[in-house]
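Enquirer: Heads up, our numbering is the position in the sequence shown plus 27, with the first residue counted as 1.
Don't be surprised by glycine CBs; every beta carbon is placed ideally from N, CA and C.
Quick caveat: nothing in here was measured; it's all calculated off a predicted structure.
I have a structure here, written as structure tokens, and I will follow up with some questions on it.
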Amino acid sequence: MATPLETWVDQAAKLTKPDRVVYCDGSEAEYQRMIAEMLRQGDSFTLNEKTFPNCHLHRSSPNDVARTEHLTFICSPEKDEAGPTNNWMDPNAAKHKVGALLDGAMRGRTMYVVPYVMGPVSSPISKVGVEVTDSPYVVASMRIMSRMGKVAMDRLGASNEFVPGLHSLGDLDPTRRYIVHFPQEKLIWSVGSGYGGNALLGKKCFALRIASVMAREQGWMAEHMLILGLESPGGKVTYMGAAFPSACGKTNLAMMVSALENQGYRVWTVGDDIAWMKISEDGYLHAINPEAGFFGVAPGTGMKTNQNVMGALHKNTLFTNVAMTPEREPWWEGIGSDAPAGLTNWKGEAWDPSKGTAAHPNARYTVPARQSPSISPKWEAPEGVPISAFIFGGRRARVAPLVYESFDWQHGAFVGASMASETTAAATGDLGITRRDPMAMLPFCGYNMADYFGHWLEMGKKIPKPPKIFHVNWFRRGADGKFLWPGYGENVRVLKWILERVEGRGAAQETPIGYVPAKNGLTLDGMKIANEALSELLRVNPEDWDAEMEESRQFLAKFGARLPRKIGEEHEKLARRFQRVVTA
Ligand code: GTP
Ligand code: SPV
Ligand code: MN
């Protein structure tokens, strides 16, 4: 008898009509066959075999370089279940519309069946997904980003417990591109894009949009969070999860080279993008990284800013839309060397500065997590790691101070619900526009965000030892428009303060928005920063916050009566605290 997997694959093949169907085993030989096919298709290149062994460059279609949020839909039976922040399509209408695009889409192509485990293979928190795709680049990427092939088949067996995802490149025309999710069926369809978050269906589609729905149903959390361990003198490691929007520094924080290493502070990487978390018997929320690789932003990554990332990228790495030197080495803006003569840009053209940046601003590397010099010995622990702090953050030129601590879980949930960030190249659309991005989940929550806030509040009641909740901002700018904080490895100074606050130490000053470090609270030795810059970084300016509160009020009002009362209450309490300061 056919297994549930075989039955679903047959249905997918009937719809998309591939020439052949290949079940992937996840072997190295198979990876090399995918690379060979990519080279044959002409959009991929082998990089310098001496300096970058087993590394390749893939050039995507120039109109397919980032997530397309306006073409991403949550197809719940009722529009209100998707909520005001998601695009919604009726599930039957979506099946009809997107089904028409998938009909025959794989003619003349091979359908690859990619079974994968999200999370350590033996972890009870992990889950199986199966993606069928006609893109060898997607297969190769999924082999780096997940535990793919035989291990997943072995875990699945004849069970029907897998999240199916149907992907086809279609004709790559953005007018015929849809990424649709069926939260009730736990099903994903994607057509018309080969880009990361649109096409590697285990990542944002399953591990966040579908998993967020499962997490609410089952009492756990699926978040757009890195997971790191901060080692302090004596060797104790404290784990933290941090939610920043796309291209706002998760990978760089998780893989940081600590500026306080000589004082015994070091950062260990558990994950760089997604956390699945369950309450454990020890009373802590435990987190696993569902992924096995990093799909990171290349531009801005260099030996000065992040040696750990650079150290990981010299073998077995798939680069997408970076530039290439005449020595066939990858190059991008911020790598730390000048653009060499004879550079080829991300589109494959001879580069000159009049043609814009050499690498696409959202150029990425896909690298096995185990290659990171900072990978935590616990990164594959089946029970996950206990989380002591949550950190929200975004790109804010003004308003948000370098770091502050919320008063309690409920206030922390409000801080997350009202956070905002300037848009980046990770999604198509205008850049640098400040938008509300609750918990960095705006594009990734598979249901009504009002209910998602409710789920956060519920979890706070259930976790015996809940993480303390903080907010950071590495991107505050001075009057000259320059960043006030050096960022990267210096961010460990903020992590150290967070650790001290978790341990009930750390000098702090109370403000209406929460606790900020006292004047002597941050460890700044060995770092050059002007006094005025530091004051500005820690300043809570009531005028800025007036406008901020009005914007978050308007945003939260979109949810109408569905917004949990406690979130609204926290907004009122914040306003009252400012009033007291102003009238005092
Ligand atoms: P996604 O993979 O899209 O979810 O992004 P991410 O949050 O992991 O972002 P990542 O760490 O890849 O950083 C994105 C961009 O921000 C890169 O260009 C980095 O060089 C830059 N960046 C990261 N950390 C800092 C920082 O502390 N300060 C400054 N100024 N820039 C940073
Ligand atoms: C993001 O955009 O948040 C990413 C990259 O991590 S993608 O996989 O495209 O979602
Ligand atoms: Mn991300």
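Across which residues does DSSP place T538 in a beta bridge pair?
Expert: G541
Enquirer: Determine the extent of the alpha helix (DSSP H) in which G443 is found, giving its start and end residues.
Expert: W436 to A444
Enquirer: Going by C-alpha to C-alpha distance, which of G514, Q398, G411 and V157 sits closest to K342?
Expert: Q398
Enquirer: Buried or exposed for N187, please, with buried defined as at least 16 other CB atoms from any protein chain shown within 10 angstroms of its CB.
Expert: exposed
Enquirer: I need the boundaries of the alpha helix (DSSP H) containing H123, first residue and last residue.
Expert: P118 to L129
Enquirer: Which residues in the same chain as F441 place their Cβ atom closer than 6 angstroms to its Cβ, once the five residues preceding and following it in sequence are excluded?
Expert: I594 and E597
Enquirer: Return yes when at least one heavy atom of the ligand MN lies under 6 angstroms from the C-beta of D300, else no.
Expert: Shortest gap from the CB of D300 to any heavy atom of the ligand MN: under 6 angstroms.
Enquirer: Under the three-state reduction of DSSP, which class applies to S217: helix, strand or coil?
Expert: strand
Enquirer: Could you please give the first and the last residue of the uninterrupted alpha helix (DSSP H) stretch that includes W483?
Expert: Run containing W483: M476 to K489, per the alpha helix (DSSP H) assignment.
Enquirer: Could you check where the alpha helix (DSSP H) with G224 kicks off and where it finishes?
Expert: Taken as a continuous stretch (DSSP letters only), the alpha helix (DSSP H) holding G224 covers G223 to A226.
Enquirer: Measure the alpha-carbon distance for S168 versus G375 and round it to whole angstroms.
Expert: 21 angstroms
Enquirer: According to DSSP, what are the bridge partners of Y292?
Expert: Y292 pairs with nothing; no bridge assigned.
Enquirer: Could you check if C275 belongs to the surroundings of the ligand GTP, using beta carbon to heavy atom distance under 6 angstroms?
Expert: yes
Enquirer: For K546, count neighbouring C-beta atoms within 10 Å of its own C-beta (all shown protein chains included) and say buried if the count is 16 or more, exposed if not.
Expert: It is exposed - the Cβ of K546 has fewer than 16 other Cβ atoms within 10 Å.
Enquirer: Cβ atoms of P45 and M138: under 7 angstroms apart, would you say?
Expert: yes
Enquirer: So, helix, strand or coil for G415, using DSSP?
Expert: Strictly speaking, residue 415 in this sequence is Ser, with Gly absent from that position. Here S415 sits in strand by DSSP.
Enquirer: Tell me the residue span of the beta strand (DSSP E) that contains R391.
Expert: R391 to P395
Enquirer: Give the straight-line distance between the Cα atoms of C102 and V140, rounded to the nearest whole angstrom.
Expert: Cα to Cα, the separation comes out at about 24 angstroms.
Enquirer: Using 7 angstroms as the threshold, is the C-beta distance between T14 and F321 below it?
Expert: In the structure as shown, the chain starts at 28 and stops at 611, and residue 14 therefore has no counterpart that could be examined.
Enquirer: Checking 7 angstroms against the spacing of the C-beta atoms, do P591 and G508 come in under that value?
Expert: no
Enquirer: What is the DSSP secondary structure of A613, reduced to helix, strand or coil?
Expert: Because the chain spans 28 through 611 in this model, residue 613 falls outside it and cannot be assessed.
Enquirer: Is the Cβ-Cβ distance between N335 and S381 less than 7 angstroms?
Expert: no
Enquirer: To the nearest whole angstrom, what separates the beta carbons of R94 and A453, a pair I think is in contact under 8 angstroms?
Expert: Cβ atoms of R94 and A453 come within 8 angstroms of each other, at about 6 angstroms.
Enquirer: Please report how far the alpha carbon of S307 lies from the alpha carbon of M267, in whole angstroms.
Expert: 16 angstroms
Enquirer: Determine the DSSP secondary structure at S381, reduced to helix, strand or coil.
Expert: helix
Enquirer: Taking the C-alpha atoms as reference points, what is the distance between V148 and E212?
Expert: 24 angstroms
Enquirer: Who are L255's beta bridge partners in DSSP?
Expert: M267 and T296
Enquirer: Which runs of the alpha helix (DSSP H) fall wholly inside the region 122-205 and span at least 4 residues, in chain order?
Expert: 163-172 and 177-183
Enquirer: Touching or not, the region 521-536 and the region 261-276, by the rule of three or more beta carbon pairs under 8 angstroms?
Expert: Three or more pairs of CB atoms, one per stretch, sit closer than 8 angstroms, so the region 521-536 contacts the region 261-276.
Enquirer: Would the beta-carbon of P636 fall within 7 angstroms of that of A444?
Expert: The structure shown does not extend to residue 636, since the chain spans only 28 to 611, so no value can be given for it.
Enquirer: Could you say if the region 237-250 and the region 202-216 meet the contact criterion of at least three C-beta pairs nearer than 8 angstroms?
Expert: yes
Enquirer: Skipping 5 residues on each side, what residues in its chain have a beta carbon closer than 8 angstroms to that of R520?
Expert: The residues are A286, L287, L549, T550, L551 and M554.
Enquirer: Span of the alpha helix (DSSP H) holding L32?
Expert: P31 to T43
Enquirer: For S195 versus D91, is the C-beta distance shorter than 7 angstroms?
Expert: no
Enquirer: Regarding F79 and the ligand FMN, is the C-beta to nearest heavy atom distance less than 6 angstroms?
Expert: By its list of ligands, the structure shown excludes the ligand FMN, since it contains just the ligand GTP, the ligand SPV and the ligand MN.
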